[in-house]
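Chemist: Its first residue numbered 1, the sequence shown is counted upward by one per residue in UniProt numbering. We treat Cβ as the ideally placed atom computed from N, Cα and C, and that holds for glycine.
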Amino acid sequence: MAVDRQLIIFSCLLVLVFPAECLRIEGTLSSTENWEFLARFCFLSNKGSMRFEFEYPVEYKTQDVLLYFDEASQWDSVYKQPLSCAQKVAVLNPANNQIISLSTLYTWSGCKEVTENGVTKVKCVGGRTFRSSRERWWFIAISRCDTGTTGTVGLNLKYSLHMTNAKDDDILRHEFSADEFYILPIDISFTIMYILVLGVSVLFAYLLRQRQLFHTTYKMYMVSIGLWTFSLLLYSIAYGKYANTGYKEHGTEYAARAFGTLSYLTFILMLILMAKGYTITRGKLTSASTIKISVFFTLYFVTFAVLFIYESLVFDPGEVLYLYESPPGYGLITMRLLGWAWFCYSVFFTLKHYKSKSMFYYPFFIFYTVWFWLGPIVSLCAAFAIDKWIRAKTVHSVELFIELLSHSFFLIGSLMGTGDSELDSFSSHPYAEDSLSRRDSTYSKGPDFSGLFITSNSRSTDKLVPNDSFNEFPDSAIRVETTAPPPSYSSVTSPRRQSDMGPLRHSNSRAALPPIRRNTMTSTSLGSENSEPSSPSAYPNHALFSIGS
């Protein structure tokens with residue numbers, strides 16, 4: 001409960017740190033430069049439109065609105081290039097209406113001069129429809145190449161832009177940039193699916209708890225599922241408000257990404273722990289392993305934090321950049337591949353010493369190796385292969401699908417391995433309950449996922465002991481002392497006086513021995529069938545049984 005409260009507080013702080021911004025762009029531009037970037041938007045052909053309102057003092061006329069599209073000969077040829085204002089304007093074709101002169105002499109700009117409080121201003125209200133061969137990114141800039149004789153330098157204007165891509169009643173497309181189409185319904189769909197998965201995992205957790213098998217790695221899985229579901233819910237809220245108002249909720253989006261990051265890190269931690277055999281072949285980690293894992297995931301978390309900060313402070317809005325097109329992004333890819341290498345190393349040595357676990361670890365290793373590599377592959381394809389005008393919605397959908405597969409595989413594998421028949425026959429490692437008395441369990445069944453739910457509180461070392469060394473004791477290793485044969489257990493249920501006890505019957509049969517369970521039998525003696533339970537001192541010179549070398 002305390003953790004949930006902390007997560008909610010963290011989300012609220014993110015919303016305060018990153019307040020809502022919008023594609024209904026409003027503000028004031030004041031600069032000493034004569035050419036400035038203003039905004040960008042991905043418009044559909046024949047359906048994209050922009051409504052604008054501009055206002056500036058008459059001393060700063062005439063200022064122009066410049067419309068560049070995403071060709072190498074257009075935007076890329078002028079942005080951040082050592083060109084003069086006139087050279088940057090020269091790449092545009094006035095016949096394509098790519099220059100809107102904010103002047104009363106230009107009819108299509110809708111400009112007129114007004115006087116307010118003794119100050120003469122130029123006010124312009126109008127709009128444009130964008131026609132192109134395909135959906136394109138359009139970049140909007142303001143210029144004032146000719147300063148005239150007014151003596152003023154630079155740009156000074158108030159602006160309001162509203163860019164849309166469909167009719168007002170089309171809530172799924174109207175306010176969205178073309179590269180963001182269908183993200184809202186996709187997020188809602190995946191949120192519903194994850195709520196179902198979370199519900200199944202909670203039910204399954206209840207069943208595990210009833211059987212006293214609710215172990216740490218499954219708890220980590222549930223934390224990961226819960227954080228990811230909440231992340232998707234925040235994404236759905238952010239895009240829903242954006243669809244309704246036209247204002248982007250950047251704070252909510254950052255909160256969604258933060259919770260998604262925590263889910264991702266928790267899931268990778270769970271995979272590495274399971275690869276090391278935690279809750280499968282060992283109950284505790286060594287101090288060295290704990291330190292290594294702590295350092296690795298601290299670095300991972302710091303890299304994510306640096307990426308968030310880098311994106312907020314360094315990413316240039318004049319460039320259509322993908323999240324991983326940055327040094328911190330490449331650092332995240334490197335950390336993920338290092339995590340995969342550690343995952344492989346851990347699985348290899350766990351299988352080396354616990355070959356009986358191969359039916360679980362082989363599919364586990366193959367599937368999550370593919371999962372580890374899909375992240376970097378998708379990131380690199382998004383950065384260098386996918387067209388920028390479809391990148392956001394494509395990558396978002398693929399990433400959600402990959403995460404759903406990864407969470408579902410674990411849940412399905414867990415469900416397959418916890419049936420009663422599997423649990424009743426499991427005895428494939430020394431930490432299992434009654435492994436000594438059930439050594440001959442069958443191994444010919446399908447993947448034995450039930451090993452996932454047998455835990456131990458003992459501490460193992462990184463140098464694991466081969467499973468074969470924990471076989472049952474051979475017959476020659478157990479010898480009964482003939483001077484004090486082991487009594488039966490019936491004396492516990494039917495105690496009688498020592499005087500009524502009949503003669504003891506000696507037997508060399510193994511059936512006379514009490515069953516051995518996990519080598520926990522003590523040498524405490526019990527009375528015979530006709531006597532009361534005797535104290536350990538009743539047989540001072542004899543042991544119940546001894547173990548040979």
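Please look up how many angstroms separate the CB atoms of L265 and F301, rounded, as I've assumed it's under 8 Å.
Modeler: Residue numbering aside, residue 265 sits at position 265 when the sequence shown is read from its first letter. Residue numbering aside, residue 301 sits at position 301 when the sequence shown is read from its first letter. At roughly 6 Å, the Cβ-Cβ gap stays under 8 Å, so L265 and F301 are in contact.
Chemist: Assuming the contact rule is C-beta atoms closer than 8 Å, L232 and T252 should be a hit. Round their C-beta distance to whole Å, please.
Modeler: As a working note, residue 232 is residue 232 in the sequence shown. As a working note, residue 252 is residue 252 in the sequence shown. Contact flag wrong, Cβ pair sits at about 12 Å.
Chemist: Does DSSP put V314 in a helix, a strand or coil?
Modeler: Within the sequence shown, residue 314 is the residue found at index 314, counting from 1. It is coil, neither helix nor strand.
Chemist: Under 8 Å: do the stretch 83-99 and the stretch 158-171 share three or more Cβ pairs, one atom per stretch?
Modeler: In short, these stretches do not touch, since the Cβ pair count stays below three.
Chemist: Would you tell me roughly how many angstroms separate the C-alpha atoms of L203 and T217, rounded to the nearest one?
Modeler: Along the sequence shown, read from residue 1 onward, the residue named residue 203 stands at position 203. Along the sequence shown, read from residue 1 onward, the residue named residue 217 stands at position 217. Cα to Cα, the separation comes out at about 16 Å.
Chemist: Starting from the Cα of I171, find the closest Cα among K355, S346, V200, A243 and give me that residue.
Modeler: Here residue 171 is taken as the residue at index 171 of the sequence shown, counted from 1. Ranking the options by Cα distance to I171, first place goes to A243.
Chemist: So, helix, strand or coil for G118, using DSSP?
Modeler: Locating residue 118 in the sequence shown gives position 118, where the first residue counts as 1. Coil at G118, not helix or strand.
Chemist: Quick one: give me the first and last residue of the beta strand (DSSP E) that H162 is part of.
Modeler: Taking the first residue of the sequence shown as position 1, residue 162 is located at position 162. Here the beta strand (DSSP E) through H162 covers 155-164.
Chemist: What would DSSP say about V91, mapped onto helix, strand or coil?
Modeler: For the purposes of this step, residue 91 is identified with residue 91 of the sequence shown, where counting begins at 1. If DSSP states are grouped into helix, strand and coil, V91 belongs with coil.
Chemist: Using a Cβ distance threshold of 8 Å, determine whether the stretch 33-43 contacts the stretch 100-112, with at least three qualifying pairs required.
Modeler: The stretch 33-43 vs the stretch 100-112: no contact.
Chemist: Between the C-alpha atoms of V153 and L262, what's the straight-line distance to the nearest angstrom?
Modeler: Here residue 153 corresponds to residue number 153 of the sequence shown, with the count starting at 1. Here residue 262 corresponds to residue number 262 of the sequence shown, with the count starting at 1. Their Cα atoms are separated by approximately 49 Å.
Chemist: Please report the straight-line C-alpha distance between S427 and I366, rounded to a whole angstrom.
Modeler: What you label residue 427 is simply residue 427 of the sequence shown in a count that begins at 1. What you label residue 366 is simply residue 366 of the sequence shown in a count that begins at 1. Because S427 carries a pLDDT of 35, less than 50, the predicted location of this residue cannot be relied on, and no value is offered for it.
Chemist: Does the Cβ of P328 have 16 or more other Cβ atoms within 10 Å, making it buried, or fewer, making it exposed?
Modeler: Residue numbering aside, residue 328 sits at position 328 when the sequence shown is read from its first letter. Buried: at least 16 other Cβ atoms inside 10 Å.
Chemist: Quick one: give me the first and last residue of the alpha helix (DSSP H) that V202 is part of.
Modeler: Within the sequence shown, residue 202 is the residue found at index 202, counting from 1. Looking at the DSSP string, the run of the alpha helix (DSSP H) that includes V202 is 183-210.
Chemist: Evaluate contact between the stretch 210-226 and the stretch 180-193, counting only Cβ atoms and requiring at least three cross-stretch pairs below 8 Å.
Modeler: Segments in contact, no.
Chemist: CB M50 to CB G127, shorter than 8 Å?
Modeler: Residue mapping note: residue 50 aligns to position 50 of the sequence shown, counting from 1. Residue mapping note: residue 127 aligns to position 127 of the sequence shown, counting from 1. Going by C-beta atoms, M50 is nearer than 8 Å to G127.
Chemist: Assuming the contact rule is C-beta atoms closer than 8 Å, E325 and A383 should be a hit. Round their C-beta distance to whole Å, please.
Modeler: Mapped onto the sequence shown, residue 325 falls at position 325. Mapped onto the sequence shown, residue 383 falls at position 383. So it is a contact: roughly 5 Å between Cβ atoms.
Chemist: Would the stretch 79-92 count as touching the stretch 113-127 if we require 3 or more Cβ pairs under 8 Å?
Modeler: No, the stretch 79-92 does not touch the stretch 113-127.
Chemist: So who's on the other strand from L66, going by DSSP bridges?
Modeler: For this step, residue 66 is matched to residue 66 along the sequence shown. Note: L66 sits in a beta bridge opposite I99, A141.
Chemist: Is the Cβ-Cβ distance between F267 and F230 less than 8 Å?
Modeler: In the sequence shown, counting from the first residue as 1, residue 267 sits at position 267. In the sequence shown, counting from the first residue as 1, residue 230 sits at position 230. No; because the gap between Cβ atoms is not below 8 Å, this pair is not in contact.
Chemist: Buried or exposed, going by whether 16 or more other CB atoms sit within 10 Å of the CB of E33?
Modeler: Numbered from its first residue, the sequence shown carries residue 33 at position 33. With fewer than 16 other Cβ atoms within 10 Å, it is exposed.
Chemist: Closer than 8 Å by C-beta to I195: which residues in its own chain qualify, once you throw out the five before and the five after it? Chain order, please.
Modeler: Looking up residue 195 in the sequence shown gives position 195. For I195, where only same-chain residues beyond five positions count, the Cβ hits under 8 Å are T229.
Chemist: Let me check one thing: in DSSP terms, what residues is S49 bridge-paired to?
Modeler: The residue labelled residue 49 in the question sits at position 49 within the sequence shown. Answer is T129, T164, bridged to S49.
Chemist: How far does the alpha helix (DSSP H) with I377 in it extend, from its first residue to its last?
Modeler: Looking up residue 377 in the sequence shown gives position 377. Residues 358-384.
Chemist: Count the other C-beta atoms from every protein chain shown that fall within 10 angstroms of the C-beta of T281, then say buried if there are 16 or more, exposed otherwise.
Modeler: Mapped onto the sequence shown, residue 281 falls at position 281. That one is buried.
Chemist: I think K393 touches F181, with their Cβ atoms under 8 Å apart; what is that distance to the nearest whole Å?
Modeler: The residue you call residue 393 lines up with position 393 of the sequence shown. The residue you call residue 181 lines up with position 181 of the sequence shown. The pair is a contact, with the Cβ atoms about 6 Å apart (cut-off 8 Å).
Chemist: DSSP three-state call for P57: helix, strand or coil?
Modeler: For the purposes of this step, residue 57 is taken as residue 57 along the sequence shown, with counting starting at 1. The answer is strand: DSSP assigns P57 an E or B state.
Chemist: With a 10 Å radius around its C-beta and 16 neighbouring C-beta atoms as the bar for buried, classify E71 as buried or exposed.
Modeler: One-based indexing of the sequence shown puts residue 71 at position 71. It is exposed - the Cβ of E71 has fewer than 16 other Cβ atoms within 10 Å.
Chemist: What span of residues does the alpha helix (DSSP H) with R336 cover, start to end?
Modeler: Translated into the one-based positions of the sequence shown, residue 336 becomes position 336. Here the alpha helix (DSSP H) through R336 covers 327-353.
Chemist: Could you name the residues of the same chain whose beta carbon sits closer than 6 Å to that of Y43, not counting the 5 residues immediately before and after it, in chain order?
Modeler: Position 43 of the sequence shown, counted from the first residue, corresponds to residue 43. Rather than Tyr, the amino acid found at residue 43 in this sequence is Phe. Counting only Cβ-Cβ distances below 6 Å, and skipping sequence neighbours, we find F130, W138.
Chemist: Grab me the residues of E59's own chain with a C-beta within less than 6 Å of its C-beta, minus the 5 sequence neighbours each way, in chain order.
Modeler: Here the question's residue 59 lines up with position 59 in the sequence shown. Closer than 6 Å at Cβ, skipping near neighbours: T150, T152.
Chemist: Assuming T298 and L332 make a contact with CB atoms under 8 Å, what is their CB distance in whole Å?
Modeler: On the sequence shown, residue 298 is found 298 positions in, with the first residue counted as 1. On the sequence shown, residue 332 is found 332 positions in, with the first residue counted as 1. The Cβ separation is near 14 Å, so there is no contact.
Chemist: Let me confirm a value: R173 is counted as buried when at least 16 other C-beta atoms fall within 10 Å, else exposed. Which label applies?
Modeler: Taking the first residue of the sequence shown as 1, we reach residue 173 at position 173. It counts as buried.
Chemist: Distance, Cα to Cα, E433 vs L338?
Modeler: In the sequence shown, residue 433 corresponds to position 433, counting from 1. In the sequence shown, residue 338 corresponds to position 338, counting from 1. Unreliable positioning characterises E433 in this predicted model, as indicated by a pLDDT of 39, which lies under 50. The coordinate reading is nonetheless provided below. Going by the C-alpha atoms only, they are around 35 Å apart.
Chemist: Let me confirm a value: S30 is counted as buried when at least 16 other C-beta atoms fall within 10 Å, else exposed. Which label applies?
Modeler: Start at 1 with the first residue of the sequence shown, and residue 30 comes out as number 30. It counts as exposed.
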